[in-house]
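In the working numbering, the protein residues as written are 672 to 758.
Below is one structure, written out as structure tokens; the observations come after it.
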């Protein structure tokens, strides 16, 4: 089942309202980037998606193999690396 994702600019400078089916999320930029830190930034949402995918995959695989699994914990970080060709 695929659901549409709708993103709409909010009233705050960079705040975005994200709707996925019945779920409503908010994204923003941190204060140091000119936002209001009203939600995770796009990079943090990407990390959350990757971490969620990895965690669910481990759970599904363990279930299929009938392996006991006490839990899954995923920590992710990112760093912006400026490019020499970036204008």
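Glycine included, C-beta positions come from ideal geometry on N, C-alpha and C.
Treat the numbers as computed from the prediction; the structure is a model and nothing was measured.
At the level of alpha carbons, what is the spacing between residue i and residue j?
{"i": "residue 680", "j": "residue 746", "result": "29 Å"}
{"i": "residue 700", "j": "residue 678", "result": "15 Å"}
{"i": "residue 733", "j": "residue 725", "result": "12 Å"}
{"i": "residue 729", "j": "residue 744", "result": "10 Å"}
{"i": "residue 764", "j": "residue 749", "result": "In the structure as shown, the chain starts at 672 and stops at 758, and residue 764 therefore has no counterpart that could be examined."}
{"i": "residue 674", "j": "residue 693", "result": "10 Å"}
{"i": "residue 716", "j": "residue 722", "result": "10 Å"}
{"i": "residue 736", "j": "residue 742", "result": "15 Å"}
Would you decide whether residue i is buried or exposed? Buried here means 16 or more other CB atoms lie within 10 Å of its CB.
{"i": "residue 710", "result": "buried"}
{"i": "residue 698", "result": "buried"}
{"i": "residue 687", "result": "buried"}
{"i": "residue 714", "result": "exposed"}
Please say whether residue j and residue i have beta carbons closer to each other than 7 Å?
{"i": "residue 676", "j": "residue 695", "result": "no"}
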